[in-house]
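Residue numbers (our numbering), protein chains in the order written: chain A, 9 to 509; chain B, 174 to 485; chain C, 364 to 708; chain D, 905 to 1237; chain E, 538 to 796. Each residue gets a CB set at the ideal place from its N, CA and C atoms; glycine is no exception.
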Amino acid sequence: VTRGGELVYGRYADSLFLDPVLNDANLDIWILTNLYDTLLQPTADGKGVQPGLASAYTVAPGGRSMRLTLRPGLRFADGSALTAQDVKWSLDRARKPDNGAWSGSLASISTIVASGNTVTLNLKQPDPTLPAALATFNAAIMPQKLFNAARGTTEAAKAKAFAEKPIGSGPFVLSSWKKGSSMVLKRNPYYWKKGSDGKALPYLNSIRFEIIPDDNTRILKLQAGELHGAEFIPFSRVAELKANPNLNVQLFPSTKVNTVLMNNRPKLKDGTVNPLSDVRVRQAINHATNKEALIQLVTFGNGKPMRSFMSATTPLFAPQTMYAYNLAKAKQLLTAAGYANGFEVTVLALSGSADELAQLTALQQMWAAAGVRLKIEQLDSATRTARYRAGDFQMRAAAWTNDINDPSQITSYFAIYDNIQSLYTGYKSPEIDRLFAQSQQETNPARRASQYNQIQGIYIKAAPIVFLYETPYPVALSKKVSGFVQIPLGNNIFAATSLEK
Amino acid sequence: MRATYVLKRLLQIIPTFIAVLILVFLLVRLLPGDPASAILGDRATPEIVERTRRELGLDKPLPVQFGIFVQHLLRGDLGESSSLKVPVLRLIVERLPITLFLSVYAAIIAVLLAVPLAVLAAVRRNTWVDSLIRGVFQVALSLPVFYVALQLLTLLGAKLGWFPIGGYGETFRDHLYHLFLPALTLGFNLAAILVRTLRNSILEVLTAEYVEFARSKGLQSRVVMLRHVLRNALISTVTLLGLNIGALIGGAVITESVFAIPGVGRLMIDAIFGRDYPVIQGLTLVFAVLVSLVFLMTDLIHARLDPRVQHA
Amino acid sequence: MTGEQHPPEPLLNVQNLTKTFPVRQGLLERWQGKPAKVVRALTDVNLSVQRGETLGLVGESGCGKSTLARCLVRLHQADTGSVRYDGQEVLVLQGDALRQYHRRVQMIFQDPFSSLNPRMTVGQTLQEVLTVHRLRPKAQQNERIDELLSLVGLPAEAAGRLPHEFSGGQRQRIGIARALALEPECIVADELVSALDVSVQAQVVNLLLELQEKLHLTVLFVAHDLRLVRHLSHRVAVMYLGRVVEVATTQDLFEQPAHPYTQALLAAAPLLEPGHRSEVSALTGELPSPLNVPSGCPFRTRCPHAFDRCVTERPELAEIRPLQQVACHLYDPVDREARQPAGAS
Amino acid sequence: MTESASTILSVQNLNVHIPTPRGELHAVRGVDFDLQRGEVLGLVGESGSGKSVTLRALLQLHRKPIRVTGAVHYDGQNLMGLSEGRLRAVRGAQIGMIFQEPMTALNPVLTIGEQIRENLQEHRALRGRPAEDRAAELLDLVGIPSARTRLKDYPHQFSGGMRQRAMIAIALASEPRVLLADEPTTALDVTIQDQILRLILRLREQLGMSVILVTHDLGVVAQTCDRVAVMYAGRLVETAGVTDLFRQPRHAYTLGLMRSLPDIGAHRRPLQPIPGSPPDLRDIPQACAFSPRCSFSSQACFGAEPPLIPIRDGRASACVHHAELPGVVEVTS
Amino acid sequence: MGVLLLLPILAATFAPGLIAPYSPTDFDYSAILKGPSASHPFGTDNFGRDVFSRVVYGTRIDMQIALLTTLFPFVFGTLLGAFTGFVGRWPDTLVGRVADLVVVFPFLVLVIAIVAVLGPGLTNMYIAVSAVGWVAYWRLVRGEVLAQKETEYAQAARVLGFSPTRVLLRHILPNAVTPAIVYLMTDMSLGILLGASLGYLGLGAQPPTPEWGVMVADGKNFMVTAWWISGFPGLALTLAGVTFSLIGDGLADALRPRS
Ligand SMILES: Nc1ncnc2c1ncn2[C@@H]1O[C@H](COP(=O)(O)OP(=O)(O)OP(=O)(O)O)[C@@H](O)[C@H]1O
Ligand SMILES: Nc1ncnc2c1ncn2[C@@H]1O[C@H](COP(=O)(O)OP(=O)(O)OP(=O)(O)O)[C@@H](O)[C@H]1O
Ligand SMILES: [Mg+2]
Ligand SMILES: [Mg+2]
């Protein structure tokens, strides 16, 4: 492998807040692990976990505690030692209930004990998701001393100051950052992991992220050799770039599912009757959706039909019998529901998103055949979010990716009303609630898998959403680049990336 | 005379500025969808949204918010971007020069293109040269900026590799090189407007009695053209150019996103979409001041070119 | 005419009419407390026009002739003073009363190219007047239009044409017809024929004379062509820098001009006789700016006879012989003997 | 007309065609005349008769698509068909021109000084201080007080009369031998007009210039000119010494002009206008152009346009009836 | 010339069905991203829609945009300009200040901000453009009215005892409105372009509306592989722009009163 060099990578938007705990956007999450390492790490296929800062972990019988052993000689990027105390402090911070959106993933921990190079997590109840949670960005280990030394009097102020110049133990460390324009990461000389040449990773000297929102420009820059890699390649361009001898288009498997969420509530915000509250109508719409055609049209053949509400890359995914494209069936169901003449329904779309627009335009056409007249209302993200949070919508296009290597996250968001009203669809199933609660403490993998199978079956039948397709992460790289991975959770892993001279 | 004139014009900006302040404040608050929602993603719970609103001071009544805003403003504090979590002033200081560079660059390209071509078109009026010049610029005027931008990028940038695709560069020469295509895109558009008016005013000036008089003095045609015709024809063009600088800055919004230039145009759009009130406010104020200053400069140049103005 | 004959009550009587135009000033200057600048277009103008008479009004460009004319027809609002028409104060008229006044007093304009709305045919122009003032029922309007056109010597078919299809002289006729449509008693003609060629001028002048005869019009004839004024007017008023400096019967004014300015004006007008140019220039210097009117007598800066009193004291219009009024200190009995100007007889 | 030693400018068969959207205008139609050294030649005629166009044609100022034909001999050299470069040596240097409108003929954005110096630089190769001095001298010559400071003024800071004088100063900067003056006083008051005409006459004396004075004011002609050429519809219809012309016009149009002026004795009597209006130069009939308005017209006036032919005493007329025209009734003021 | 170009535009506006061979919105999965051919003269887009048909149907939308982005500014700006120019004094000063305020904002930014407030879509775009666009007309007409007010025919109208309203509406306005009408033509093509720019940002016409600007924007991902998707609507935009401008020039000539 070649060592050294600067990789220039085109991102479509910049990160906002590089704090593992308090951030809330994929833009942060997907590069955070390059800066902050976690005790465990997701495997490249996204299905399991592997050792990280902790070289090993053991779960006590009965599942009420977990013991992790830290690697010897761990250091932060400034050279200071990474101790078990840092681990305890970091995890305590991450699980504090009002700290950020992610604290719930560590909610099962009751106390943490640090001694020597071991850390013991005592649990309130058995938690099958814990290893995955520890491999997630919010459980990243931060330097307690440096954090406390940061400017500011309050915890929040310190977090902000620290996030401006973060020091972690990941393969890279932030070197310069012009918000919204570029970010440079430098090699962390203290990184623990070794490369295939036996020397410490990473191979690269630095990574330079350039923020180029316009897809075309990003691609043009890549083609012109001004970038070594570019994310979010529109599917329409995949074939073209694949044909380019200098480029390598990678379609990394993802946990991304593309759906149309429906408002399941009996009444709409304005008090009118909501046709989508009738399960037959929702099923009819699913039947009226030609997934294959959609995949051709929107992803240019780069997607796969959904086989559950979660992606096939999600642990405990169990393929289900889905709604086949069947117009007759759709019409029949609609007639049965009293909509023989169809009805009009409005979908909230994100303005400026070409893919979403293409998708909805296609659906508009398909559903029209069944009498469902789709109106597309393009909104900016702020307005759209406010609208659906308030339950003031009929449909909205949505894509989801998992953040945690476990099905519990997506399930709690998609199917559990008490979290955020099942992604604000208003869908509620006591059956799923019960199964989910059980699964959250089920340490037996087989039983947990069966619970998840049932949950998925119930959800698919109720069809609170329109199931569309899964898509990979399209990344185009120069042929000189090797060893780059984007794992199904979306994390960009540059640790083992190298750049041929 | 000159100094008081400048002062007078500066004083005139103030009321406009105050009105802009109030208007922006209100406009921004009228945007539906609150910034908290914009900042937080899909997954935030209502409590988190509420907390963020509190942090941003959005729970206070409007007049209080305005008071705080003005107070901070007087201290030179434009607030902190709610999405980028950086002081707005710093963002503006970082990015404004880029947009200014681009705008001035574009204006220079526009003038360099427009003046000789307008002269040529006017002198050769109603010939094929005239038709060609007018035709090309008419087409330029009828195409969306982003289309022209993308075509230039594809052709001169990607295909021929003459210019870098987007970016800004480090040194002055880098800037010139990197920003050439975006400046050309904007400049061409502006040139189209300028050529049209300049050609017409040259034609008008050409029929003026004083040009005839100048010719009757036996001056060289170059002298007649430059000193007598162009100087007078440029007067109206300068005003037009000034009025269009605002449009130029507006045009930067799109050009900057196509060419991946981190200027204030792009910042503004991001801020509008992200409901980043402090940034929108700060930028609008800066735009207002900037455009007012450009108008002022236009007036001054106009006064320089046209002696009738100051004394009137 | 003898002194005993008391002139009848004038139809139009202007007293102490003053009109200034503000000059735009910046905020800054106002803050600095600089006095507001004004153009003194008219200062204490006194003038009267008898019924049926033609009063000529002459003077240099910018001396306020048009301003006076416009004040009379209320196109400008005078600052102070009074204009009485047939005993009635004109300056306060509003609404319907003003409209009634305009039916009696009409103005005819100078520029044959801009005095007609270029988008309206002659017929429409005339018809509008008839309609707005309800002068004729709809059915009779066409007849009246023909009548008006023939009155000013235009063919009936002219009604269908647009102004640009006419020559300058013809347009002036249309302008006259438009004014006459109101059947006015008094006409204010501002440089009616100045823009026309001599050959055409005569046509319009004849028309004016003829109409005056036929319709017993009173005319205020503003012009700078002394020859024409002499030909048309019963009496002539001379203005200088916003003031009337001399008023007299035509004969008196041309044969024994009293004011030094009138004398200079007459001397400077070229004669139609070859080789009769006098050796010395009639006047030197420029007309002072009405923004900055000289103290005392406005003419003193160019007057060959100016003396100390002219600097400090403004001469008032005073009768020096029957029907001849002059505003000049030279004719003040105090100074009279000493300083009789050379030109005056 | 033959060229003699004293002739400085000789014009033969000058024609100017101006294309317009509504047809081609034959604005100047076969004009012939000579200008003698030191002479003031008046060119009169009503508005649109082609006076200005003629003057511009003498200096070859017309541009495409206007067509000019004929010959203009200045000092024996035909200016027609001379290259722009060669012409420049004549324009301004040998023949100066002043324009009709003092408001529009000065460049509003250049100071008066610059506009004078421009001329000095081109033709006298004067620059800097000497140019400045000479410019001030010229302004002084035309009677503008405190000339040196006024050099820095812009045209709009001058009054109408001063502008007209400044224009004369510019035209005279390089001491031309011929001055073409296009209605130099039309826009001015009589008192100022008087000053300007005197100025031109004085300069003619001092510099020995020849002047063509275009005007439509017969009074100005009478007071200023030595000889007169009367123009009607693009043609010269009569040329004569000024006294002869006023005593006895030899063209019906000239006579009409004089008669249409008010007569001192005839207070408030009808004038004698020339009926009708001048012809459209786009469509001139095959006849004397004045015939439709002429009270003397007869069969002889039609068929072809009568040429300008010499009649006695160095006069020429294009009137068929020149011999029958009555004298003018006494015109005195 | 302008009229000649206008004919196909009018035809496409009023009878798109007669010209377009296909529906502008129907997908054809068998003909996705096909280049220009006999059956699809302008090719097909990524949904297999016939670009030619979409361009033809788009004409109506774009003419509507051209009209509606300019109609209100024109009418409002013109009337206001006429009024304040005629009356002068404080109304004129007041409107002048407001106009100053509006022009201080970069036009596009202001429109984007307004559309962002009101939500994307053509209707809101019209509102936004109207809120800003009137200023140009106000200036033009006001200036012209100020000039016309001083002309002798306008003064004559007053002396003839006509009411101020009549003087303004019947005499001054018809003579003052010409530059505004000429500008209207330029503005119409600018309006379409603005629609395109907003479409590019997702704030303009909403799918599946076949609007030229949005079509150009939609095709931006296919500029290399399928240039026709954006190329032909771009051509249509250009032709419309040229047409309007030629008509503007023609109108300027035709409306100028001869003297
Ligand atoms: N509307 C106006 N605003 C400001 N100043 C004006 C206005 N109208 C006239 N004046 C000024 O008032 C003075 C008198 O002008 P007026 O037009 O009455 O002169 P005049 O005697 O008619 O001149 P002329 O012979 O050139 O027509 C001039 O100095 C002129 O500049
Ligand atoms: N550049 C031009 N384009 C078109 N027509 C022109 C042009 N110059 C002059 N003319 C026309 O040529 C004819 C003669 O014009 P010219 O200016 O010589 O008249 P003039 O005798 O000088 O009149 P005035 O006394 O009004 O100055 C007129 O009919 C005029 O309209
Ligand atoms: Mg006047
Ligand atoms: Mg002329």
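Excluding the 5 residues preceding and the 5 following residue i in the sequence, name in chain order all residues of the same chain whose CB lies nearer than 7 Å to its CB.
i	result
residue 950 of chain D	1120, 1182
residue 338 of chain B	326, 330, 331
residue 683 of chain E	622
residue 487 of chain B	Look at the range of chain B in this structure, 174 to 485, and you will see that residue 487 of chain B is not part of it.
If you check the beta carbons only, do residue i and residue j fall under 7 Å apart?
i	j	result
residue 938 of chain D	residue 911 of chain D	yes
residue 633 of chain C	residue 535 of chain C	no
residue 748 of chain E	residue 478 of chain C	no
residue 443 of chain C	residue 406 of chain C	no
Thinking C-alpha only, which one of the options is nearest residue i?
i	options	result
residue 687 of chain C	C/464, C/495, C/585, C/611	C/611
residue 1203 of chain D	D/944, D/1212, D/1191	D/1191
residue 778 of chain E	E/572, E/564, E/567, E/596	E/596
residue 307 of chain A	A/92, A/263, A/504, A/482	A/482
residue 103 of chain A	A/148, A/404, A/442	A/148
residue 461 of chain A	A/185, A/486, A/419	A/419
residue 347 of chain B	B/221, B/414, B/275, B/184	B/275
residue 1208 of chain D	D/998, D/1189, D/1215	D/1189
residue 1152 of chain D	D/1227, D/1080, D/1213	D/1227
residue 914 of chain D	D/982, D/927, D/953, D/1225	D/982
residue 136 of chain B	E/567, E/548, E/636	No information on residue 136 of chain B is available, as it lies outside the stretch 174 to 485 that chain B covers here.
Return the bridge partner residues of residue i from the DSSP annotation.
i	result
residue 412 of chain A	Answer is none; residue 412 of chain A lacks a bridge partner.
residue 1140 of chain D	D/1135
residue 313 of chain A	A/477
residue 1086 of chain D	D/1118
What does a CB cutoff of less than 6 Å around residue i pick up in its chain, not counting 5 residues either side in sequence?
i	result
residue 1197 of chain D	1178, 1179, 1180
residue 1229 of chain D	1159
In chain order, what residues of the same chain lie with their CB nearer than 8 Å to the CB of residue i, ignoring the 5 residues before and after it?
i	result
residue 705 of chain C	Here the model assigns residue 705 of chain C a pLDDT of 47, short of 50, so the residue's position is not dependable and the matter cannot be decided.
Practice item. Could you please tell me which residues of the region 314-331 of chain B, in chain order, have their CB closer than 7 Å to any CB of chain A? Key: Those residues of the region 314-331 of chain B that come within reach of chain A (Cβ to Cβ, closer than 7 Å) are 323, 326, 327, 330, 331.
Check your understanding: Going along the chain, which residues of the region 398-423 of chain B sit with their C-beta nearer than 9 Å to a C-beta in chain D?
Key -> Those residues of the region 398-423 of chain B placed with their C-beta closer than 9 Å to a C-beta in chain D are 400, 401, 404, 405, 408, ordered along the chain.
**Study point:** Residues of the region 204-230 of chain A whose Cβ lies closer than 7 Å to any Cβ of chain E, in chain order
**Key:** Of all residues in the region 204-230 of chain A, only 223, 224 come within less than 7 Å of chain E when Cβ atoms are compared, listed by chain position.
Review point. Mind listing which residues of the region 557-578 of chain C have their C-beta closer than 8 Å to chain D's C-betas, in chain order?
Key: Across the region 557-578 of chain C, CB contacts with chain D closer than 8 Å involve 560, 561, 562, 563, 564, 565, 566, 568, 569, 572, 573, in sequence order along the chain.
Exercise for review: May I ask you to list, following chain order, the residues of the region 420-440 of chain A that have a beta carbon less than 7 Å from some beta carbon of chain B?
Suggested key: Shown in chain order are the members of the region 420-440 of chain A whose Cβ falls below 7 Å from a Cβ of chain B: 421, 428.
Review point. Which of the residues in the region 745-757 of chain E, read from start to end, lie with their CB under 9 Å from any CB of chain A?
Key: So the list reads 745, 754, 755, 757, given in the order they occur along the chain.
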